[in-house]
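What follows is a set of notes on a single structure, which appears directly below.
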Amino acid sequence: MDLVEAVREQLATASPDVLRSLVETFANALMSAEADALCGAPYGES
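The sequence shown begins at 20 in the numbering used here and counts up one residue at a time.
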């Protein structure tokens, strides 16, 4: 079993709260990276 299959299997049997948390974390990371790129400075920097 490769990594993709293992993750797919875990997500298929996970509770909705786990999936919601994963999506929330991923979305926050994407938004933070986009804001950092637009501002030219990482979070907390001016």
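Cβ atoms here follow ideal geometry from the backbone N, Cα and C, with glycine treated the same way. Computed from a predicted structure; not experimentally measured.
- For Ala46, the uninterrupted alpha helix (DSSP H) segment begins and ends at Pro35 to Cys58.
- For Val23 and Val37, the gap between their C-alpha atoms comes out near 17 Å.
- Each residue's CA atom was taken as its position, placing Val42 and Ala56 some 21 Å apart.
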